[in-house]
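To start, the structure itself, in structure tokens.
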Amino acid sequence: MDQHSVIEQLRETLSLSNKAQVETRASGDVNRVFRITDKSRAYAVKWVGDDTFTGIDRFHQYVLQGQLAQRGLAPEPVWLSDDERLWVENWVETGRQALTTDRTEILARVLADIHSQPITARPLALSGRWDHYIQAADLLGNEAVMTRCQALRPLLLASEQNVDDLVLCHNDLSYGHIVDQKAHVVVDWEYSAMGNRYFDIASCAMINDLSDLQCQRLCQHYAQQTGIDVQTVATQVEQQWDVVAFTNRLWQAALDATTTLTGTH
Numbered sequence: 001m002d003q004h005s006v007i008e009q010l011r012e013t014l015s016l017s018n019k020a021q022v023e024t025r026a027s028g029d030v031n032r033v034f035r036i037t038d039k040s041r042a043y044a045v046k047w048v049g050d051d052t053f054t055g056i057d058r059f060h061q062y063v064l065q066g067q068l069a070q071r072g073l074a075p076e077p078v079w080l081s082d083d084e085r086l087w088v089e090n091w092v093e094t095g096r097q098a099l100t101t102d103r104t105e106i107l108a109r110v111l112a113d114i115h116s117q118p119i120t121a122r123p124l125a126l127s128g129r130w131d132h133y134i135q136a137a138d139l140l141g142n143e144a145v146m147t148r149c150q151a152l153r154p155l156l157l158a159s160e161q162n163v164d165d166l167v168l169c170h171n172d173l174s175y176g177h178i179v180d181q182k183a184h185v186v187v188d189w190e191y192s193a194m195g196n197r198y199f200d201i202a203s204c205a206m207i208n209d210l211s212d213l214q215c216q217r218l219c220q221h222y223a224q225q226t227g228i229d230v231q232t233v234a235t236q237v238e239q240q241w242d243v244v245a246f247t248n249r250l251w252q253a254a255l256d257a258t259t260t261l262t263g264t265h
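In this text, residue positions in the sequence shown follow UniProt numbering: the first is 1, and each later residue adds one.
Right under this line is the structure:
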């Protein structure tokens, strides 16, 4: 998908003028991101291509992001193609910065805010995602992977059944995803779902490559924001660490296998 194709595919849908402009923006491993501007309007356009390994239900995520946008936490989704390969949302410029410069405090505040939302989404169902990634990466015959999977699955299933810790999670919260630190406006909600709060915290710590000390501060700030005992937060996050690491390992293996098969990246 190139810039010209993006404009032409969306010209009628978005009622774009002949002066509409498009530029390619930084994107992740799965999608390509474009920014379309037309007079006073600006859109973020995501093209996911032939993504099959993630198992994301993009229509469900579109509906969920609409709810999040109504609560001021996400950009308003505008359009999703019938094949779910092209996603359009309002472009959100980087907004206000928090008074603190402590990234762990900002991340903790945003996580706590997300986890407190009265929104019920589909469950993350991580055990099923593991199976999906393993199949996509053709790892069923890998004894080391399957042994690790069997060892971690009981912990995973137990954590998903703890109702007190079952909350709306982002599951991919990097510091760069927070575009307004005061209003807690966040982008890239593709993996958002109902899940275990401590998996989300551990995932956030790993994604942001936090040191041990920074991870401790993240737990402390989260405890302050939520009123949960800090030792409970720290212990539970530590328990989820191996689950997050294994999930990331399977995700990367599935991505690599898909990339090899399609010859794209």
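Quick reminder that beta carbons are idealized off the backbone N, C-alpha and C, glycines included.
Would you list the one or two residues that DSSP bridges to D180?
-> The residue you call residue 180 lines up with position 180 of the sequence shown. Note: D180 sits in a beta bridge opposite V185.
Where do the N-terminal and C-terminal ends of the beta strand (DSSP E) with E143 fall, by residue?
-> As a working note, residue 143 is residue 143 in the sequence shown. Here E143 belongs to no beta strand (DSSP E); instead the alpha helix (DSSP H) covers E143 to E160.
Where S159 falls, given that 16 or more other Cβ within 10 Å makes a residue buried | As a position in the sequence shown, residue 159 is number 159, starting the count at 1. With 16 or more other Cβ atoms inside 10 Å of its own Cβ, S159 counts as buried.
Going by the CB atoms, is the gap between H170 and V185 shorter than 9 Å?
-> Start at 1 with the first residue of the sequence shown, and residue 185 comes out as number 185. Start at 1 with the first residue of the sequence shown, and residue 170 comes out as number 170. Not a contact, by the Cβ cut-off of 9 Å.
Using three-state DSSP, classify Y43 as helix, strand or coil.
-> What you label residue 43 is simply residue 43 of the sequence shown in a count that begins at 1. DSSP places Y43 in strand when its eight states are reduced to three.
Since L16 sits in a beta bridge, which residues does DSSP pair it with?
-> Counting from 1 along the sequence shown, the entry for residue 16 is found at position 16. Answer is none; L16 lacks a bridge partner.
Helix, strand or coil at E105 according to DSSP, with G and I counted as helix | As a position in the sequence shown, residue 105 is number 105, starting the count at 1. In the three-state DSSP reduction, E105 falls in the helix class (H, G or I).
Assuming R96 contacts A183 under a Cβ cut-off of 8 Å, what Cβ separation, rounded to an integer in Å, is found between them?
-> Within the sequence shown, residue 96 is the residue found at index 96, counting from 1. Within the sequence shown, residue 183 is the residue found at index 183, counting from 1. Between A183 and R96 the Cβ distance is about 7 Å, and since that is below 8 Å, they are a contact.
Among T147, D102 and G49, nearest to D83 - alpha-carbon criterion = As a first step, residue 83 must be located in the sequence shown, where it is residue number 83. Selected option, being the one with the closest Cα: G49.
From S174 to I106, what distance separates their C-alpha atoms?
-> Locating residue 174 in the sequence shown gives position 174, counting from the first residue. Locating residue 106 in the sequence shown gives position 106, counting from the first residue. Computed Cα separation, rounded: 11 Å.
Among G227, S17 and L73, nearest to D180 - alpha-carbon criterion = Position 180 of the sequence shown, counted from the start, is the residue given in the question as residue 180. Among G227, S17 and L73, the Cα nearest to that of D180 belongs to L73.
Of the choices D229, A253 and T13, whose alpha-carbon is the least far from that of A137?
-> Sequence index remark: in the sequence shown, residue 137 carries index 137 (1-based). When each option's Cα is compared against that of A137, the closest is A253.
What does DSSP give as the partner residues of I36 in its beta bridges?
-> The sequence position of residue 36 within the sequence shown is 36, counting from 1. According to DSSP, I36 bridges with V22 and Y43.
For the 8 Å Cβ check, are there 3 or more pairs between the stretch 145-155 and the stretch 190-205?
-> Segments in contact, no.
Closest Cα partner of Q239 within the set L168, G176 and L152 | What you label residue 239 is simply residue 239 of the sequence shown in a count that begins at 1. Comparing Cα-Cα distances from Q239 to each of L168, G176 and L152, the minimum goes to L152.
Would you mind sorting Q161 into buried or exposed? The rule is 16 or more other CB atoms within 10 Å of its CB.
-> Sequence index remark: in the sequence shown, residue 161 carries index 161 (1-based). Counting Cβ neighbours within 10 Å, Q161 comes out exposed, since fewer than 16 surround it.
Note down the Cα distance separating W91 from Y62, rounded to an integer number of angstroms.
-> Counted from its first residue, the sequence shown places residue 91 at position 91. Counted from its first residue, the sequence shown places residue 62 at position 62. For the pair W91 and Y62, the Cα-to-Cα distance works out to about 15 Å.
With burial defined as no fewer than 16 other Cβ atoms inside 10 Å of the residue's Cβ, what is the status of R122: buried or exposed?
-> As a first step, residue 122 is located in the sequence shown; it is residue number 122 there, counting from the start. So R122 counts as exposed.
Bridge partner(s) assigned by DSSP for P77 | Numbered from 1 along the sequence shown, position 77 holds the residue referred to as residue 77. Its beta-bridge partners are E89.
Report the partner residues of M194 according to the DSSP bridge assignment.
-> Translated into the one-based positions of the sequence shown, residue 194 becomes position 194. In DSSP, M194 forms a bridge with P123 and L168.
Beta-carbon proximity list for A26, same chain, < 8 Å, skipping 5 on both sides | As a first step, residue 26 must be located in the sequence shown, where it is residue number 26. Within the same chain, A26 has close Cβ partners V33.
Take the Cβ of G195 as the centre, count every other Cβ of all protein chains shown within 10 Å, and call the residue buried at 16 or more, exposed below.
-> Locating residue 195 in the sequence shown gives position 195, where the first residue counts as 1. Label assigned to G195: buried.
Whose C-beta lies closer than 7 Å to the C-beta of A193 among residues of the same chain, with five residues either side of it excluded?
-> Here residue 193 refers to the residue found at position 193 when the sequence shown is read from its first residue. Same-chain partners within the cutoff: A121, R122, P123, L124, C169 and N171.
Does DSSP put Q252 in a helix, a strand or coil?
-> Position 252 of the sequence shown, counted from the first residue, corresponds to residue 252. Three-state result, Q252: helix.
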